[in-house]
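Asks: Could you have a look at this structure, given as structure tokens, before my questions?
2 protein chains.
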Amino acid sequence: MASDRVVRPAPISGFPEWLPEVRRVEQSWLDRIRATYERYGFCSLETPSVEALEILQAKGETSQEVYTLSRLQAEAADADARLALHFDLTVPLARYVAQHFNDLVFPFKRYQMQRVWRGERPQEGRFREFTQCDIDVINVDHVPLSFDAELPRIVHEVLTELEVGGFSIGINNRKVLQGFYAGLGIADPLGVIRIADKLDKIGSDAVGKLLATELDLTSGQIDACLALAQIRGADAAVVDTVAGLGSSGALLDEGLTELAYVLGELADLPGGSVVADLSIARGLDYYTGTVYEGKLLDAPGFGSICSGGRYDNLAGEFIRRDLPGVGMSIGLSRLFAKFVNEGRFTEGPKSPTQVLVVVPSAERRPQALATAAALRARGLNVETYHEAAKIGNQIRYASRKLIPYVWFPPFDDDKPHEVKDMTSGEQIAGDPSTWQPA
Amino acid sequence: MASDRVVRPAPISGFPEWLPEVRRVEQSWLDRIRATYERYGFCSLETPSVEALEILQAKGETSQEVYTLSRLQAEAADADARLALHFDLTVPLARYVAQHFNDLVFPFKRYQMQRVWRGERPQEGRFREFTQCDIDVINVDHVPLSFDAELPRIVHEVLTELEVGGFSIGINNRKVLQGFYAGLGIADPLGVIRIADKLDKIGSDAVGKLLATELDLTSGQIDACLALAQIRGADAAVVDTVAGLGSSGALLDEGLTELAYVLGELADLPGGSVVADLSIARGLDYYTGTVYEGKLLDAPGFGSICSGGRYDNLAGEFIRRDLPGVGMSIGLSRLFAKFVNEGRFTEGPKSPTQVLVVVPSAERRPQALATAAALRARGLNVETYHEAAKIGNQIRYASRKLIPYVWFPPFDDDKPHEVKDMTSGEQIAGDPSTWQPA
Numbered sequence: 014m015a016s017d018r019v020v021r022p023a024p025i026s027g028f029p030e031w032l033p034e035v036r037r038v039e040q041s042w043l044d045r046i047r048a049t050y051e052r053y054g055f056c057s058l059e060t061p062s063v064e065a066l067e068i069l070q071a072k073g074e075t076s077q078e079v080y081t082l083s084r085l086q087a088e089a090a091d092a093d094a095r096l097a098l099h100f101d102l103t104v105p106l107a108r109y110v111a112q113h114f115n116d117l118v119f120p121f122k123r124y125q126m127q128r129v130w131r132g133e134r135p136q137e138g139r140f141r142e143f144t145q146c147d148i149d150v151i152n153v154d155h156v157p158l159s160f161d162a163e164l165p166r167i168v169h170e171v172l173t174e175l176e177v178g179g180f181s182i183g184i185n186n187r188k189v190l191q192g193f194y195a196g197l198g199i200a201d202p203l204g205v206i207r208i209a210d211k212l213d214k215i216g217s218d219a220v221g222k223l224l225a226t227e228l229d230l231t232s233g234q235i236d237a238c239l240a241l242a243q244i245r246g247a248d249a250a251v252v253d254t255v256a257g258l259g260s261s262g263a264l265l266d267e268g269l270t271e272l273a274y275v276l277g278e279l280a281d282l283p284g285g286s287v288v289a290d291l292s293i294a295r296g297l298d299y300y301t302g303t304v305y306e307g308k309l310l311d312a313p314g315f316g317s318i319c320s321g322g323r324y325d326n327l328a329g330e331f332i333r334r335d336l337p338g339v340g341m342s343i344g345l346s347r348l349f350a351k352f353v354n355e356g357r358f359t360e361g362p363k364s365p366t367q368v369l370v371v372v373p374s375a376e377r378r379p380q381a382l383a384t385a386a387a388l389r390a391r392g393l394n395v396e397t398y399h400e401a402a403k404i405g406n407q408i409r410y411a412s413r414k415l416i417p418y419v420w421f422p423p424f425d426d427d428k429p430h431e432v433k434d435m436t437s438g439e440q441i442a443g444d445p446s447t448w449q450p451a
Numbered sequence: 014m015a016s017d018r019v020v021r022p023a024p025i026s027g028f029p030e031w032l033p034e035v036r037r038v039e040q041s042w043l044d045r046i047r048a049t050y051e052r053y054g055f056c057s058l059e060t061p062s063v064e065a066l067e068i069l070q071a072k073g074e075t076s077q078e079v080y081t082l083s084r085l086q087a088e089a090a091d092a093d094a095r096l097a098l099h100f101d102l103t104v105p106l107a108r109y110v111a112q113h114f115n116d117l118v119f120p121f122k123r124y125q126m127q128r129v130w131r132g133e134r135p136q137e138g139r140f141r142e143f144t145q146c147d148i149d150v151i152n153v154d155h156v157p158l159s160f161d162a163e164l165p166r167i168v169h170e171v172l173t174e175l176e177v178g179g180f181s182i183g184i185n186n187r188k189v190l191q192g193f194y195a196g197l198g199i200a201d202p203l204g205v206i207r208i209a210d211k212l213d214k215i216g217s218d219a220v221g222k223l224l225a226t227e228l229d230l231t232s233g234q235i236d237a238c239l240a241l242a243q244i245r246g247a248d249a250a251v252v253d254t255v256a257g258l259g260s261s262g263a264l265l266d267e268g269l270t271e272l273a274y275v276l277g278e279l280a281d282l283p284g285g286s287v288v289a290d291l292s293i294a295r296g297l298d299y300y301t302g303t304v305y306e307g308k309l310l311d312a313p314g315f316g317s318i319c320s321g322g323r324y325d326n327l328a329g330e331f332i333r334r335d336l337p338g339v340g341m342s343i344g345l346s347r348l349f350a351k352f353v354n355e356g357r358f359t360e361g362p363k364s365p366t367q368v369l370v371v372v373p374s375a376e377r378r379p380q381a382l383a384t385a386a387a388l389r390a391r392g393l394n395v396e397t398y399h400e401a402a403k404i405g406n407q408i409r410y411a412s413r414k415l416i417p418y419v420w421f422p423p424f425d426d427d428k429p430h431e432v433k434d435m436t437s438g439e440q441i442a443g444d445p446s447t448w449q450p451a
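This is the structure in structure tokens:
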């Protein structure tokens, strides 16, 4: 009996969930990402959703909104050390590598596909719980530059597999930016990076003004900085273009050499899918070399679909070792939700079932069960209809769930089994011990 | 450079995490559970980790310890509606079915493999974050009894696939218990169920005393209740045994008929793996018919490895429809951690890599990359060694990660490729476009 008091459930903004037909596609996306990451030998890692708050804040000024946990029934006397949900997978990786340092083989190549949480204000319409798919290489003391090329290659393969449409992974190098700015005589290159990172959002005029007012840059310096950010290119020719802008220095040269190397390693990928983009700054302080940012070609305003970069020392807050690394992250939930909102996945099957076995009558139910078992034994996903209902109702159930085949055990042992292809409508004889879906 | 201040990371009690070689096994467990659930046509579902607290508490007296969330940077003015992490997957299922009622096809058959959180005191050594693998059928108004048999069959298949060793899934029926107690003239049958649920923990003497002191049962009633709880059996013979204990009534008969039906449906499973166990009570008030509890035969004291039952109305707090269901849950983390603690999974491969391709020299690196790409194109998981190091170091890396094959591209294009089986030590010629692992 339905109870009298009803708490009507409502979606909580920022916490997406999907209908079964959409969840099925999400799962296939996760499977494909995992398979591609593993094809390059990266191991799976999962860490708890929860970290000590002091770990999450060890890097200092965390601008991320964090959710802390409280026990509903806690008494003041046994208050926990403060725990919080992780807001990304990079800090947990750093903590994990430091904690398990002696048990890992380096270079440590791992992927991690997990939910993260951000305590955003509900009204902002952003996700507060979402899945990221990260891939990183960490090593002791030194990470070969070849990984800076391997990671965008892997992510390129993932995005191609997911059929997200045209995309471009932009690559830049922080040494180029810092070296270029320093070569112009600018005192605070990191300050320029932080301001240049806003180019996409506020445009070049506004960035130019900020550079003048906040960092006292001359108009010549500003013009050069903005000209640098205009540069795009798929090959080492960008190096000459940068060199033509009148800055110079050892760090700039080093950055350009690295950038040219990474582009060269990726030269076999389809034209335009990986490009040098000198406007990419990635505001985070910890990037020190290569930086990445991927976009959809037909929705550049949608923002980054993957990003990452190289860091000199991932876990310096947690262990007295130098552990440089390079990593990329695919913002799965945001990307997936975009396609969901476009209505792409609403028409698919509502279950993994390949075959619905009809129960012809109560008496013939054992034969239906045996048929389903025979099909399952060969790895097929099979439902038996749950009662000896009218055949029309059983077929309608298959049709509503978009189950591709309906199996009819015979009413009589002398007759053959038949199987109906629900797409073509064709119905033919089938043997449960040999039949395969088309 | 390592920084001066180090926050030394420590495990947080109750939040397990695994080394890569153990995580690999955990992942294969999850894959196998998912594959088996899908083989029976159940669809995947994931819900947010977070629910409104009023949803989690809608069923009233929640004895579960719940973690609520607070935004670290929240101002009092924009305090969220209270959010909390789900403590099981049943309440989220109820909320989901009510919320998406019009978009689901019934009977709704779903599985859900997700983390849940319990705000236990840290010192208790229990998990505070763990993964459950639930499978449930929900229908409008009526759920055929055949599902009461299908679910333990599926879970039986899962546990067999996981090679957990000998196990037994015990089945009982709340109607049998309630009908039996009522037939003895006991005024509060549910009270007896709550006390009888403690049999495993406190023993029959203590249960007998509680029945006397708390419910005023006569010694004859107590003896009959305790005798009922002694009954085990793999087939309908238990019905006669129960009938011989001197209680009777329509509800008891109905329960015995259901129990006999479920046992009959499962009669083809290996002897002893599914048994009637009249001691199973499952304290939760919402079970109304079949109840389940699975145990490991060689570790009965370890407690239940799976459990569940039938409920008359799952979502009555959330929607004015009768939505009965039946479900089972595998406590994956607890079971898996048991085997981890026994040291079962510590010796396995540390990555999914099947082949490590050696980089013979800096000059031959392109050939190594091309070899790896050719192997990957055929679906193999392949790493290229990250630098042109000494061959011995490259082989040692493969050996430490337990990579089964090491591939040697030739130093010279005229020579053949060779591949070494790291287990047998055998090294033979191989063609990247055709070679397959043994």
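Which chain is which? The protein sequence lines are H and F, in order. Just so it is clear: in the first sequence, position 122 is 135 by my numbering, and no numbers are missing. Just so it is clear: in the second sequence, position 220 is 233 by my numbering, and no numbers are missing. Cβ coordinates follow ideal geometry from the N, Cα and C atoms, glycine included. None of these values were measured; they are calculated from a predicted model.
Please name the residue, chosen from F:R334, F:R295, F:I208, that lies closest to F:I235 on a Cα-to-Cα basis.
Replies: Closest by alpha carbon: F:I208.
Asks: Residues of chain F with a CB under 8 angstroms from the CB of H:S57: which are they?
Replies: Here the neighbours are P33, R36, R37, Q40, P365.
Asks: What does a CB cutoff of less than 7 angstroms around F:A442 pick up in its chain, not counting 5 residues either side in sequence?
Replies: Correct list, in chain order: P429, H430, E431.
Asks: H:K414 touches chain F at which residues, Cβ-Cβ below 8 angstroms?
Replies: V118, listed in chain order.
Asks: Specify whether the stretch 253-260 of chain H and the stretch 192-211 of chain H touch according to this definition: at least 3 beta carbon pairs, one from each stretch, less than 8 angstroms apart.
Replies: Yes: the two stretches touch, three or more of their Cβ pairs being nearer than 8 angstroms.
Asks: Give the secondary structure of H:F160 by DSSP, where H, G and I count as helix, E and B as strand, and everything else as coil.
Replies: Residue state, collapsed to three classes: helix.
Asks: Consider the Cβ of F:L175: report whether some Cβ of chain H lies at a distance smaller than 9 angstroms.
Replies: No, no contact with chain H.
Asks: May I ask you to list, following chain order, the residues of the stretch 260-291 of chain F that have a beta carbon less than 7 angstroms from some beta carbon of chain H?
Replies: Taking 7 angstroms as the Cβ-Cβ cut-off against chain H, none of the residues of the stretch 260-291 of chain F qualify.
Asks: Just grab the DSSP bridge partners of F:Q125 for me.
Replies: F:D147, per the DSSP bridge assignment.
Asks: Can you pull the chain F residues whose beta carbon is under 9 angstroms from the beta carbon of H:V79, in chain order?
Replies: Those within 9 angstroms of H:V79 in chain F are R84, L85, Q86.
Asks: Starting from H:P22, find everything on chain F with Cβ-Cβ shorter than 7 angstroms and list it in chain order.
Replies: Residues of chain F passing the Cβ test: I68, R108, A111, Q112, F331.
Asks: Grab me the residues of F:E34's own chain with a C-beta within less than 6 angstroms of its C-beta, minus the 5 sequence neighbours each way, in chain order.
Replies: Counting only Cβ-Cβ distances below 6 angstroms, and skipping sequence neighbours, we find G361, K363.
Asks: Cα separation between H:S412 and H:L172?
Replies: Whole-angstrom Cα-Cα distance: 32 angstroms.
Asks: If we cut at 9 angstroms on Cβ distances, does H:S317 have a partner in chain F?
Replies: Chain F contact via Cβ: absent.
Asks: Flag F:W420 as yes if its beta-carbon sits less than 9 angstroms from any beta-carbon of chain H, otherwise no.
Replies: Not an interface residue.
Asks: Is the shortest distance between the beta-carbon of H:V395 and the beta-carbons of chain F less than 9 angstroms?
Replies: So, interface residue.
Asks: At which residues does the beta strand (DSSP E) containing F:K188 begin and terminate?
Replies: No beta strand (DSSP E) contains F:K188, which is instead part of the alpha helix (DSSP H) from 187-196.
Asks: Distance cutoff 9 angstroms, beta carbons only. Does H:K122 sit that close to anything in chain F?
Replies: H:K122 counts as touching chain F.
Asks: Please list the terminal residues of the continuous beta strand (DSSP E) segment that includes F:V419.
Replies: Start and end: 418-421.
Asks: Judging by CA-CA distance, which residue of F:E51, F:E64, F:P422 is the nearest neighbour of F:Q440?
Replies: Nearest option by C-alpha distance: F:P422.
Asks: Hey, how far is the Cα of F:Q86 from the Cα of H:D253?
Replies: Distance between the alpha carbons of F:Q86 and H:D253 is about 47 angstroms.
Asks: For H:L82, which of helix, strand or coil comes out of DSSP?
Replies: Strand at H:L82.
Asks: For F:A350, decide whether its Cβ has a neighbour in chain H, counting only Cβ atoms nearer than 9 angstroms.
Replies: Judged by the 9 angstroms Cβ criterion, F:A350 is not in contact with chain H.
Asks: If you drop the 5 nearest sequence neighbours on each side, which residues of the same chain put their C-beta closer than 7 angstroms to that of H:P445?
Replies: For H:P445, where only same-chain residues beyond five positions count, the Cβ hits under 7 angstroms are T384, A387, L388, H430.
Asks: In three-state DSSP terms, what is F:R207?
Replies: The answer is helix: DSSP assigns F:R207 an H, G or I state.
Asks: Can you check whether the CB of H:I148 is closer than 9 angstroms to the CB of H:Y50?
Replies: Yes, Cβ-Cβ distance for H:Y50 and H:I148 is below 9 angstroms.
Asks: Any beta carbon from chain F within less than 9 angstroms of H:E227's own beta carbon?
Replies: It does not; no Cβ of chain F falls within 9 angstroms.
Asks: For F:P429, go through chain H and note every residue whose CB falls closer than 7 angstroms to its CB, in chain order.
Replies: Near F:P429 there are no residues of chain H at all, since even the closest Cβ is about 24 angstroms away, more than 7 angstroms.
Asks: Just to make sure I have the definition right: I need the residues of chain H whose C-beta is within less than 7 angstroms of the C-beta of F:S159. Which are they?
Replies: Under the 7 angstroms cutoff, chain H gives H399.
Asks: Suppose you measure from the CA of H:D91 to the CA of F:V79; what does that come to, to the nearest Å?
Replies: Low local confidence applies: a pLDDT of 46 at H:D91 is under 50, so the model's placement there is unreliable, and no value is given.
Asks: Would you list, in chain order, the members of the stretch 128-154 of chain F that have their beta-carbon closer than 7 angstroms to a beta-carbon of chain H?
Replies: From the stretch 128-154 of chain F, only R128, G132, R134, P135, E142 have a Cβ closer than 7 angstroms to chain H.
Asks: Is H:G340 closer than 9 angstroms to H:D325 when the C-beta atoms are compared?
Replies: No. Outside cutoff.
Asks: With 9 angstroms set as the bound, which would you pick, yes or no: does the beta-carbon of F:E51 sit closer than that to a beta-carbon of chain C?
Replies: Here chain C cannot be found, since the structure's protein chains are H and F.
Asks: Using DSSP with H/G/I as helix, E/B as strand and the rest coil, what is F:G233?
Replies: Looking at F:G233 - three-state DSSP - the assignment turns out to be helix.
Asks: Could you tell me the distance, in whole angstroms, from the CA atom of F:D218 to the CA atom of F:G179?
Replies: So the alpha carbons of these two residues sit roughly 29 angstroms apart.
Asks: Between the Cα of H:L106 and the Cα atoms of H:C319, H:E59, H:W42, H:V156, which residue gives the shortest distance?
Replies: Comparing Cα positions, the closest option is H:E59.
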